[in-house]
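A.B. asks:
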Amino acid sequence: MPDRFSRSTLLTALLPALLSAPMASAAPVSVPTERGPLTLPAPARRVVALEYSFVDTLLALGVRPVGAALGTQGGDRGAPPYLRPKVGGITHTGSRGQPSLEAMAAARPDLILADALIHKDSAAGFARLAPTAVFPSRRADLDELNNQTLQIGRLVGREAAARQLLADQKTLIAKARAFTKKGAPTFVAGVVTPTSFTVHTQGSFAGSFLEAVGRRNAVPVRDGQTQFETSLEGLVALNPQTLVLFTAPDEKPVTDTWAKNPLWQKLSAVKRGRVYTFNRDDWTRGRGPTALKLMTAQAIESRFLQDAAPARGFQYQP
C-alpha cells in the first residue's frame, strides 16, 4: 500500500501545476498569395476549395475539404469525373463562378482557397467569412501550380506530404521523358468546345506539362495571355506538325465542322496523321497532383511522346 499511496500523493501534488500549465499550440503559418502574405494562427482544419485544382490538391494531401465549388450553376460542368468518387458528402458551395456565401459560411471554414482570375472581384467578400488564400489556378503553368501544392500543404499542416508529392511527380515526369522521341516536331494544343478553340500556350498548365515531358509547344504566351481563342484560319496560320485536342466526351467539338473545310486538310498535323485527343476533364479542369498522374499515363499510352500515330482511343475521328 505505501507505493500506491506515494503515487497518489504525487499526482495530487502535481495536479494543480498540470492544470495551470499552458497547453501546447500549433505554430502560426504564413505563405505568399496573390493578395499578399497570408498568416494563419495555426494550420487550417476546415477548408473550402473554390477550384477543382484545390480540391485535387487537398485530397492528394489527405485533407478532405468541408466545402467545395462542385455545383453546375452558370453552365459549369461540376467536378471532373476522376474526382467524383472522392467528393461524395462534401458540401456544395455553388459553382466555381457562382459560389454561395451562405453555403460557405455554413461550412464554418478557417480557410478559403480562391482563384486569382475567376474570384478577383469576390475574394474580398470571402475574406470576411474566413482567411482567404488567392492563387492563379486557372491561368497558372505547371511550376506555379506545383508551388501552390507546397503553399497549400503549409496552410493545412501537410508540408512534408506536399514535398513528397512534388518529389514523386518529378520522378514520374523523368520516367515519361524516356519515352519522348528526340527531335520530335513542335505541337499546338487547345481546348475544343462546340463553339470555340482555345490555344493553350507554353504558359498554360497543359501546355507547359507537355513541354515538361519533353515535347515542344509551338505557341508562346501572347500579349500576356496563356490561353487565347483562334479560328480555323488562325490554326492554319500556326500550321502545327502535331495537334493536341482537349475535348469532352459528351460534346461535339467545333473541329468536327472545321474538318469538312479544305483548309483543315492542309494542316501538316492532319497530313502526318498526328492529331491526338484527350479528355479535357482530365487535362485542363483538375490541374492537381492526381490529374497529373492521369495525364502522364495518357501522354505515354497515346503515343504522343513517341510522335507515333495515335493509339486507339486517342485518335481524332470527326
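All letters in the sequence shown, in the order written, are residues -26 to -1, 1 to 292 by mature numbering (1 follows the signal peptide of the UniProt record, and there is no 0).
Glycine included, C-beta positions come from ideal geometry on N, C-alpha and C.
(1) Under the three-state reduction of DSSP, which class applies to Arg246: helix, strand or coil?
(2) I'd like the span of the alpha helix (DSSP H) that includes Glu185, first residue to last.
(3) Going by the CB atoms, is the gap between Arg254 and Phe220 shorter than 8 Å?
(4) Looking only at C-alpha atoms, which of Ser170, Asn191, Val187, Val210 sits nearest to Phe202?
(5) Over what stretch of residues does the beta strand (DSSP E) that includes Glu203 continue unbroken?
(6) According to DSSP, is Ile126 helix, strand or coil?
(7) Is it buried or exposed, Thr231, if we count other Cβ atoms within 10 angstroms and call 16 or more buried?
(8) Please name the residue in Gly177, Val29, Val210 whose C-alpha comes closest to that of Lys60.
(9) For Trp257 versus Ala180, is the C-beta spacing smaller than 8 Å?
(10) Using only alpha-carbon positions, find the residue among Val40, Leu57, Arg51 that is nearest to Ile64.
(11) Within its chain, find whatever has a CB closer than 6 Å to the CB of Ala53; leave out the 5 residues flanking it on each side and keep chain order.
(12) Would you call Gln291 buried or exposed, if buried means 16 or more other Cβ atoms sit within 10 Å of its Cβ?
(13) Under the rule that 16 or more other beta-carbon atoms within 10 Å means buried, what is Pro17, buried or exposed?
(14) To which residues of the same chain is Thr172 closer than 6 Å at the C-beta, ignoring the five residues directly before and after it?
(15) Have a look at Ala104 and Ser178 and give me their C-alpha separation to the nearest angstrom.
(16) What do you get for Asn213, buried or exposed, if any count of 16 or more other CB atoms within 10 angstroms of its CB means buried?
(17) May I ask you to verify whether the segment 183 to 195 touches the segment 265 to 278, counting CB pairs closer than 8 Å and requiring at least 3?
(18) If distances are taken between C-alpha atoms only, which option among Ser74, Tyr56, Gln199 comes closest to Gly48?
(19) If distances are taken between C-alpha atoms only, which option among Glu25, Ala148, Ile147, Tyr250 comes closest to Arg112?
(20) Consult DSSP for Ser4 and reduce its assignment to one of helix, strand or coil.
(21) Would you list the one or two residues that DSSP bridges to Asp89?
(22) Looking at C-alpha atoms only, which residue of Lys94, Asp84, Val162 is the closest neighbour of Val3?
(23) So which of Ser205, Leu206, His174 has the shortest CA-CA distance to Val193?
(24) Per DSSP, what kind of secondary structure is Leu209 in: helix, strand or coil?
(25) Which residue comes first and which comes last in the beta strand (DSSP E) that contains Phe100?
(26) Rounded to whole angstroms, what is the Cα-Cα separation between residue 293 and Leu119?
(27) Going by CA-CA distance only, name the one from Arg248, Trp238, Gln122 that's closest to Arg261.
(28) Can you give me the start and stop residues for the alpha helix (DSSP H) that Phe153 sits inside?
(29) Cα-Cα, which of Phe252, Leu237, Val210 is closest to Glu225?
(30) In the DSSP output, what is Phe220 paired with across the bridge?
(31) Under 8 Å, do Arg246 and Gln215 count as touching if we go by C-beta distance?
(32) Identify which residue in Thr167, Val162, Pro168 has its Cα closest to the Cα of Gln176.
(33) Give me, in chain order, the residues of the same chain whose beta-carbon lies closer than 8 Å to that of Val228; leave out the 5 immediate sequence neighbours on both sides.
(34) List the DSSP bridge partners of Asn191.
C.D. replies: With the given structure in hand:
(1) helix
(2) 179 to 186
(3) yes
(4) Selected option, being the one with the closest Cα: Ser170.
(5) Per DSSP, the unbroken beta strand (DSSP E) holding Glu203 starts and ends at 201 to 204.
(6) helix
(7) exposed
(8) Val29
(9) yes
(10) Val40
(11) Leu44, Val61
(12) exposed
(13) In this structure Pro17 is buried. Its beta-carbon is surrounded by 16 or more other beta-carbon atoms within 10 angstroms.
(14) Gly164, Val165, Gln201, Glu203
(15) 29 Å
(16) exposed
(17) yes
(18) Ser74
(19) Glu25
(20) strand
(21) Phe109
(22) In terms of CA proximity to Val3, Asp84 leads the group Lys94, Asp84, Val162.
(23) Closest by alpha carbon: His174.
(24) helix
(25) For Phe100, no beta strand (DSSP E) segment is defined; the enclosing uninterrupted segment is the alpha helix (DSSP H) at 97 to 100.
(26) Given that the chain is displayed from residue -26 to residue 292, the structure contains no residue 293 and the question cannot be resolved.
(27) Gln122
(28) No alpha helix (DSSP H) holds Phe153; DSSP gives it neither H nor E.
(29) For the options Phe252, Leu237, Val210, the alpha carbon positioned closest to that of Glu225 is the one of Phe252.
(30) Val165, Phe252
(31) A contact, by the Cβ cut-off of 8 Å.
(32) Val162
(33) Val166, Thr167, Pro168, Thr169, Ser170, Phe171
(34) Partner(s): Phe161.
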